[in-house]
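Structure first, commentary second.
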Amino acid sequence: MQTLHLDAAELGLDFDTSLKLANHIAEHLLGSAMLLSFYDRDRNLESPAGVSECHQGCATPGWVDYAANRGGTLMVNFGQGRFVFCYMPLD
1 MQTLHLDAAE LGLDFDTSLK LANHIAEHLL GSAMLLSFYD RDRNLESPAG
51 VSECHQGCAT PGWVDYAANR GGTLMVNFGQ GRFVFCYMPL D
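If you count the sequence shown from 1, position 29 lands on 29 in UniProt numbering, and the numbers rise without skipping.
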(Lines of atoms letter the chains of each structure in order from A and count residues from 1; the text may use other names and numbers.)
(Lines give C-alpha, C1' and ligand atoms only; values in the text may rest on other atoms or scores of the structure.)
Protein backbone atom coordinates (compact mmCIF):
# COMPACT_ATOMS: atom_id res chain seq x y z
CA MET A 1 0.00 0.00 0.00
CA GLN A 2 1.35 3.42 -0.96
CA THR A 3 1.72 5.67 2.09
CA LEU A 4 1.65 9.44 2.05
CA HIS A 5 3.12 10.94 5.25
CA LEU A 6 2.02 14.47 6.14
CA ASP A 7 3.65 16.34 9.00
CA ALA A 8 1.17 19.16 9.50
CA ALA A 9 1.49 19.84 13.23
CA GLU A 10 1.85 23.57 12.57
CA LEU A 11 -1.64 23.62 11.06
CA GLY A 12 -3.30 22.25 14.20
CA LEU A 13 -5.57 19.90 12.24
CA ASP A 14 -8.25 18.00 14.12
CA PHE A 15 -9.67 14.63 13.04
CA ASP A 16 -12.52 16.02 10.92
CA THR A 17 -10.28 18.46 9.05
CA SER A 18 -7.67 15.75 8.49
CA LEU A 19 -10.37 13.43 7.14
CA LYS A 20 -11.57 16.07 4.67
CA LEU A 21 -8.02 16.69 3.49
CA ALA A 22 -7.34 12.95 3.21
CA ASN A 23 -10.52 12.51 1.14
CA HIS A 24 -9.36 15.22 -1.27
CA ILE A 25 -5.90 13.65 -1.51
CA ALA A 26 -7.39 10.21 -2.21
CA GLU A 27 -9.68 11.64 -4.87
CA HIS A 28 -6.74 13.45 -6.49
CA LEU A 29 -4.47 10.39 -6.48
CA LEU A 30 -6.99 7.60 -7.06
CA GLY A 31 -9.93 9.24 -8.77
CA SER A 32 -13.11 7.97 -7.17
CA ALA A 33 -12.08 6.38 -3.85
CA MET A 34 -13.65 4.76 -0.80
CA LEU A 35 -12.40 5.08 2.78
CA LEU A 36 -11.88 1.54 4.08
CA SER A 37 -10.47 2.14 7.55
CA PHE A 38 -9.02 4.78 9.83
CA TYR A 39 -7.22 5.26 13.13
CA ASP A 40 -7.50 8.25 15.49
CA ARG A 41 -4.72 8.07 18.08
CA ASP A 42 -6.11 11.04 20.08
CA ARG A 43 -9.28 9.08 20.88
CA ASN A 44 -7.76 5.58 20.47
CA LEU A 45 -10.53 4.97 17.93
CA GLU A 46 -10.33 2.68 14.92
CA SER A 47 -12.75 1.79 12.18
CA PRO A 48 -13.97 -0.79 11.61
CA ALA A 49 -14.28 -1.16 15.36
CA GLY A 50 -12.43 -4.10 16.88
CA VAL A 51 -10.21 -4.95 13.89
CA SER A 52 -7.10 -4.79 16.07
CA GLU A 53 -8.41 -7.25 18.68
CA CYS A 54 -6.85 -10.21 16.86
CA HIS A 55 -3.67 -8.26 16.08
CA GLN A 56 -2.38 -7.87 19.64
CA GLY A 57 1.40 -8.04 19.47
CA CYS A 58 1.45 -7.95 15.65
CA ALA A 59 3.62 -5.54 13.71
CA THR A 60 0.69 -4.60 11.43
CA PRO A 61 -2.28 -2.84 13.04
CA GLY A 62 -5.68 -4.40 12.36
CA TRP A 63 -7.03 -1.38 10.51
CA VAL A 64 -4.07 -1.51 8.07
CA ASP A 65 -4.47 -5.26 7.54
CA TYR A 66 -8.22 -4.82 7.04
CA ALA A 67 -7.70 -2.23 4.28
CA ALA A 68 -4.84 -4.13 2.61
CA ASN A 69 -6.98 -7.27 2.35
CA ARG A 70 -9.92 -5.39 0.84
CA GLY A 71 -8.16 -3.63 -2.02
CA GLY A 72 -6.64 -0.69 -0.15
CA THR A 73 -3.91 1.03 -2.14
CA LEU A 74 -3.42 4.37 -0.37
CA MET A 75 -2.72 5.26 3.25
CA VAL A 76 -2.71 8.94 4.26
CA ASN A 77 -0.82 9.34 7.54
CA PHE A 78 -0.99 12.63 9.46
CA GLY A 79 1.44 13.44 12.26
CA GLN A 80 3.31 10.14 12.43
CA GLY A 81 0.22 8.06 13.05
CA ARG A 82 -1.97 10.59 14.85
CA PHE A 83 -4.67 10.25 12.16
CA VAL A 84 -4.41 7.56 9.47
CA PHE A 85 -6.85 6.90 6.62
CA CYS A 86 -6.79 3.95 4.18
CA TYR A 87 -8.48 4.08 0.76
CA MET A 88 -9.24 1.89 -2.22
CA PRO A 89 -9.91 3.14 -5.76
CA LEU A 90 -13.42 2.68 -7.14
CA ASP A 91 -12.53 3.17 -10.81
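For each residue, glycine too, the CB sits at the ideal point set by N, CA and C.
On a CA-only basis, which of T17, D65, R41 is nearest S52? Give me that one, please. Along the sequence shown, one-based indexing puts residue 52 at 52. The candidate whose alpha carbon is nearest that of S52 is D65.
For the putative contact between A8 and G79, defined by C-beta atoms under 8 Å, what is the C-beta separation to the nearest angstrom? In the sequence shown, the residue the question calls residue 8 occupies position 8. In the sequence shown, the residue the question calls residue 79 occupies position 79. Contact flag correct, Cβ pair sits at about 7 Å.
Under 7 Å between the Cβ atoms of C86 and G71? Position 86 of the sequence shown, counted from the start, is the residue given in the question as residue 86. Position 71 of the sequence shown, counted from the start, is the residue given in the question as residue 71. C86 is not a Cβ neighbour of G71, given a cutoff of 7 Å.
Does A59 come out as helix, strand or coil in the three-state DSSP assignment? Position 59 of the sequence shown holds residue 59. A59: coil per DSSP, three-state reduction.
Assuming E27 is part of the alpha helix (DSSP H), what are its boundary residues? What you label residue 27 is simply residue 27 of the sequence shown in a count that begins at 1. 15 to 30 is the extent of the alpha helix (DSSP H) around E27.
Proximity winner among S37, A59, L19, G57, relative to A49 (alpha-carbon distances): The residue labelled residue 49 in the question sits at position 49 within the sequence shown. Among S37, A59, L19, G57, the Cα nearest to that of A49 is on S37.
Excluding the 5 residues flanking A68 on each side, which residues of the same chain have their C-beta closer than 6 Å to its C-beta? Along the sequence shown, read from residue 1 onward, the residue named residue 68 stands at position 68. Only M1 meet the Cβ criterion.
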